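Read the structure below first, then the notes.
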Ligand SMILES: Cc1cc2nc3c(=O)[nH]c(=O)nc-3n(C[C@H](O)[C@H](O)[C@H](O)COP(=O)(O)OP(=O)(O)OC[C@H]3O[C@@H](n4cnc5c(N)ncnc54)[C@H](O)[C@@H]3O)c2cc1C
Ligand code: SF4
């Protein structure tokens with residue numbers, strides 16, 4: 001087994017791994033986190049305003065709920081990930097071609113055609129969706145009960161929520177950004193404690209499996225490491 | 233023009249796979265060379281270092297190694313009736329950017345074409361008659377044969393460091409290799425890789441059905457290796473961060489691991505990064521190029537770089553764009569009249585696959601490399617009876633883990649919710665318990681699929697974007713459906729808990745959003761005469777004899793394989809012609 005330069009010996013990981021592997025959720029994250037980050041309630045957003053933050057907290061909590069096996073979006077701090085992504089060059093579509101003329105009505109198969117950046121889509125779509133929740137369910141999304149929230153998200157996913165064509169990719173953005181935050185390296189703010197990796201059995205940034213190709217049908221035993229050297 | 237640089241013997245446009253090959257081979261001639269690269273400089277150390285490189289979000293999803301559409305892109309429409317719209321964010325294909333180009337972050341699936349694929353029109357005519365060629369299909373022969381290219385395929389494979397097992401050595405079929413491949417003059421430089429569990433299962437099932445599985449050839453080192461330029465590679469550790477990533481150890485074949493370190497030693501070679509070529513300048517007589525104009529990002533000014541020879545090696549899409557902007561490569565193709573050549577024969581790749589779920593088995597999908605797997609060619613171009621099957625084409629199949637990264641690789645049985653408690657339950661249950669088999673198929677050239685300049689959209693320099701007119705065609709879709717009908721029984725014979733297929737069917741419309749392949753071909757096709765294509769058999773522009781154009785843009789139609797084996801072979805064929813025929817007497821070589 002190759003040891004990584006500057007990292008504790010991987011052999012030592014083996015010893016802890018049997019236990020580490022069985023751990024999910026809070027326990028694993030408590031073990032892995034060197035320094036507990038501020039709670040989501042105290043987190044100061046970089047991009048999202050108060051109402052947007054409340055929406056993202058509530059929506060991601062339904063997209064990846066806490067109940068059942070495995071961590072949810074809130075335990076893994078997915079909202080922090082989304083906020084930071086929108087504040088950064090992804091949110092402002094720095095790498096994308098954004099010159100006009102725009103054809104937001106074009107068929108979805110033609111790709112991103114709205115004049116808005118991802119951050120602008122969130123900014124305009126959240127109040128529009130909240131207004132729809134008000135008129136259809138009597139309250140903004142964050143204030144609905146979980147069951148009604150699920151129904152509202154189902155309507156959003158099925159295109160039943162009237163959104164202008166500039167905003168029509170909101171659902172797919174929200175869902176993909178949520179899953180990104182769940183599975184990305186923790187340095188981006190989500191996947192706290194690598195809990196999602198522990199849950200599914202992905203070893204993260206280990207990236208050294210020389211002896212493994214021919215270990216057929218044997219479950220890989222080691223827990224994940226992150227880019228910054230965290231272990232879980 | 234703000235600045236003119238001292239004249240060079242050779243200017244190379246783009247320092248990826250083909251630009252690096254041109255650079256080192258011509259540097260050996262003692263020529264004074266400058267390579268201009270649009271993107272940044274990057275090397276194994278420090279740019280691809282562990283652990284920073286092992287970042288799915290940054291490289292796999294945000295695509296930080298690729299061409300940024302804000303810097304350069306194109307527009308796409310599916311027929312002449314549609315208005316082309318910009319390819320604003322990357323999806324279907326991912327052109328490279330920066331030193332090494334897409335050669336840095338490719339998968340390393342290195343294949344040669346079949347001999348029949350290089351003379352496909354003749355092969356069809358001889359066996360079934362020209363009548364079976366569908367209307368609108370531009371089926372052609374390459375102006376150069378497999379036999380002529382064989383030494384150059386071998387050369388590229390030695391330089392790139394390819395692992396595999398020959399199936400046909402000088403006409404003798406070899407145990408363990410691909411019995412249907414074209415002849416090889418030599419065994420692969422490195423032995424084949426070990427098989428992971430999914431590939432092993434696939435190979436056993438294929439053998440049981442009487443097929444002929446073999447280990448896929450890979451631009452991934454299986455042992456320690458030193459190439460003809462003295463560059464060293466070490467064995468791959470199946471890190472799984474291969475496609476879309478630079479290799480953090482010296483294992484994946486790339487311009488960095490195979491060429492650039494040696495090339496930089498030549499005092500007569502120089503390269504400039506953040507230097508985007510805007511135009512090839514031509515002489516008043518119209519017969520030659522005088523050099524190129526590029527944008528110097530640091531100085532924020534245009535620069536004229538005079539040179540005696542211009543090598544275009546900026547990837548298929550960029551080459552065609554530059555040729556359209558510079559008036560090189562013949563008259564622009566017009567799909568209505570069929571006249572013209574530049575932009576003609578744009579083709580792509582027709583792929584499909586089956587996912588199989590085995591709840592009680594462990595595939596460890598993160599253990600793999602970009603070209604991992606067992607493959608078979610029993611449904612290849614030279615195995616199919618086109619007349620009986622009703623299509624012209626074929627595919628190779630492969631199964632092997634190559635990327636178990638969970639944002640992008642989370643196959644779930646159909647019916648699993650895409651969010652909520654059901655999704656979370658599904659990922660816990662199925663991650664690591666799925667495998668897939670892929671069909672990688674041919675794509676022919678058609679009268680309606682072509683490239684020209686867009687009338688509306690411009691780039692940051694004010695130049696028109698290139699416009700792609702492209703849609704799937706029935707012939708290739710029928711081929712894909714045939715593969716489905718053959719692959720599903722094989723998959724079922726493996727007794728998965730469940731399985732599901734993804735094969736485009738007749739009527740499918742091109743969707744620019746999901747990644748498909750970065751195997752864009754044609755547009756500056758090679759041809760027997762100047763009336764049929766943009767370059768001759770030596771990839772020399774028919775209309776400007778000191779311009780040589782490298783890359784898959786030379787393809788007459790796409791093959792059923794990943795393109796780089798043919799791209800590399802053609803690049804060595806071209807530089808050989810420059811060295812042995814052109815330098816002593818610059819002229820049109822045909
Ligand atoms: C994710 C991915 C996976 C792939 N996997 C495979 C595979 O498994 N097998 C296979 O056969 N092929 C594969 N390919 C394709 C393979 O990478 C290409 O065939 C190969 O790199 C082409 O070589 P090239 O020299 O033509 O272009 P590149 O290697 O891309 O080099 C072109 C260079 O030109 C530069 N350039 C572009 N425009 C300009 C300009 N105007 N001025 C200056 N410089 C410019 C670019 O920045 C780039 O560095 C893959 C590609 C991608 C993106
Ligand atoms: S899988 Fe192998 S070749 Fe690919 S990046 Fe990892 S170590 Fe390099």
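Protein chains in written order, with our numbering: chain A, 1 to 232; chain B, 233 to 822.
Quick reminder that beta carbons are idealized off the backbone N, C-alpha and C, glycines included.
Quick caveat: nothing in here was measured; it's all calculated off a predicted structure.
Any non-hydrogen atom of ligand 1 closer than 7 Å to residue i Cβ
{"i": "residue 782(B)", "result": "yes"}
{"i": "residue 270(B)", "result": "yes"}
{"i": "residue 209(B)", "result": "Here chain B has residues from 233 to 822 only, and residue 209(B) is not among them."}
{"i": "residue 628(B)", "result": "no"}
{"i": "residue 546(B)", "result": "yes"}
{"i": "residue 214(B)", "result": "A query on residue 214(B) cannot be resolved here, the shown segment of chain B reaching from 233 to 822 and no further."}
{"i": "residue 504(B)", "result": "no"}
{"i": "residue 643(B)", "result": "no"}
{"i": "residue 707(B)", "result": "no"}
{"i": "residue 342(B)", "result": "yes"}
Where the alpha helix (DSSP H) through residue i begins and ends
{"i": "residue 719(B)", "result": "706–724"}
{"i": "residue 667(B)", "result": "Residue 667(B) -> not in any alpha helix (DSSP H); beta strand (DSSP E) instead, spanning 666–673."}
{"i": "residue 386(B)", "result": "378–392"}
{"i": "residue 544(B)", "result": "Residue 544(B) -> not in any alpha helix (DSSP H); beta strand (DSSP E) instead, spanning 533–544."}
{"i": "residue 553(B)", "result": "548–558"}
{"i": "residue 276(B)", "result": "276–279"}
{"i": "residue 126(A)", "result": "118–137"}
Outcome for residue i when other beta-carbon atoms lying within 10 angstroms are tallied against a minimum of 16
{"i": "residue 727(B)", "result": "exposed"}
{"i": "residue 277(B)", "result": "exposed"}
{"i": "residue 576(B)", "result": "buried"}
{"i": "residue 2(A)", "result": "At residue 2(A), the pLDDT of 37 sits below 50, so the modelled position is not reliable and the matter cannot be decided from this model."}
{"i": "residue 817(B)", "result": "exposed"}
{"i": "residue 22(A)", "result": "Model confidence at residue 22(A) stands at a pLDDT of 34, short of 50, so the residue's coordinates are unreliable; what they give is reported in the following sentence. The residue is exposed, with fewer than 16 neighbouring Cβ atoms inside 10 Å."}
{"i": "residue 176(A)", "result": "exposed"}
{"i": "residue 235(B)", "result": "exposed"}
{"i": "residue 172(A)", "result": "exposed"}
{"i": "residue 56(A)", "result": "buried"}
{"i": "residue 226(A)", "result": "buried"}
{"i": "residue 208(B)", "result": "Past the edges of chain B, shown from 233 to 822, lies residue 208(B), and the structure says nothing about it."}
{"i": "residue 240(B)", "result": "buried"}
{"i": "residue 784(B)", "result": "buried"}
{"i": "residue 203(A)", "result": "buried"}
Among the options, nearest to residue i - alpha-carbon criterion
{"i": "residue 525(B)", "options": "735(B), 507(B), 465(B)", "result": "507(B)"}
{"i": "residue 407(B)", "options": "399(B), 413(B), 414(B)", "result": "399(B)"}
{"i": "residue 377(B)", "options": "805(B), 813(B), 822(B), 331(B)", "result": "805(B)"}
{"i": "residue 797(B)", "options": "340(B), 658(B), 309(B)", "result": "340(B)"}
{"i": "residue 136(A)", "options": "142(A), 114(A), 152(A), 178(A)", "result": "152(A)"}
{"i": "residue 205(A)", "options": "669(B), 436(B), 638(B)", "result": "638(B)"}
{"i": "residue 610(B)", "options": "689(B), 715(B), 662(B), 530(B)", "result": "715(B)"}
beta-carbon residue i near ligand 4 non-hydrogen atom, thresh 7 Å
{"i": "residue 334(B)", "result": "Absence of ligand 4 is noted for the structure shown, with ligand 1 and ligand 2 being the only ligands found."}
Check: residue i C-beta below 7 Å from any heavy atom of ligand 2
{"i": "residue 133(A)", "result": "no"}
{"i": "residue 296(B)", "result": "no"}
{"i": "residue 176(B)", "result": "No statement about residue 176(B) is possible, as the shown extent of chain B runs from 233 to 822 and does not include it."}
{"i": "residue 733(B)", "result": "no"}
{"i": "residue 290(B)", "result": "no"}
{"i": "residue 483(B)", "result": "yes"}
{"i": "residue 470(B)", "result": "yes"}
{"i": "residue 601(B)", "result": "yes"}
{"i": "residue 244(B)", "result": "no"}
{"i": "residue 473(B)", "result": "yes"}
{"i": "residue 477(B)", "result": "yes"}
{"i": "residue 394(B)", "result": "no"}
Residue span of the beta strand (DSSP E) that contains residue i, given as start and end
{"i": "residue 587(B)", "result": "582–589"}
{"i": "residue 676(B)", "result": "It is not in any beta strand (DSSP E) - residue 676(B) carries neither H nor E in the DSSP assignment."}
{"i": "residue 167(A)", "result": "Residue 167(A) -> no beta strand (DSSP E), and no H or E assigned at all."}
{"i": "residue 732(B)", "result": "730–735"}
{"i": "residue 577(B)", "result": "576–579"}
{"i": "residue 618(B)", "result": "Where residue 618(B) is concerned, there is no enclosing beta strand (DSSP E), although the alpha helix (DSSP H) it sits in stretches over 618–621."}
{"i": "residue 268(B)", "result": "265–268"}
Contact set between residue i and chain C, taken where Cβ atoms lie within less than 8 Å
{"i": "residue 201(A)", "result": "Here the protein chains are A and B, and chain C is not one of them."}
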